[in-house]
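Numbering (my numbering), first residue to last: 2 to 150.
Structural data, given as structure tokens:
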């Protein structure tokens, strides 16, 4: 969900996780460098690493999910599927804004929304700090509208 309240993860990601030079090298390759400037590492996700980039033309921050091709069984249909996902546009979906491919990786670029994901946000809530019913209803409504789209 977009706009989840809270602070952005500290540079270096969850728990101060810092990625070594191989992760940085993945982002700093020709195809991606033409459009984006590396800002900082966020951490890891299921299929690779996450970085924050700055768009060279506009200066807007973007989130980049790097997927190493070596971790995929087949790369044949990946690009067309990512391009299809790029077509999904809805106010409550953090859309893919660009897909870049080089010899080693796929880069999935989306708008940057500080504050982390819903899981990060929920972990920051203390037990005595429950959400009000109206707030929960608003988030459920956003999720349902996005799914119905």
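Just so it is clear, CB atoms sit at the ideal spot from N, CA and C, and this is done for glycine as well. All values reported here derive from a predicted model rather than from experimental measurement.
In the three-state reduction of the DSSP assignment, residue 81 falls in the helix class, which pools H, G and I.
In the same chain as residue 40, and ignoring 5 residues on each side of it, the C-beta atoms closer than 8 Å to its own belong to 52, 53, 54, 55 and 62, in chain order.
The straight-line gap separating the alpha-carbon atoms of residue 109 and residue 73 is approximately 15 Å.
Taking C-beta separations shorter than 7 Å and ignoring five residues to either side along the sequence, the partners of residue 86 in its chain run 97, following chain order. Apart from sequence neighbours up to five positions away, the residues of its chain that approach residue 38 with a beta-carbon distance below 7 Å are 54, 55 and 57, ordered along the chain. Between the alpha carbons of residue 138 and residue 46 lies a gap of roughly 28 Å.
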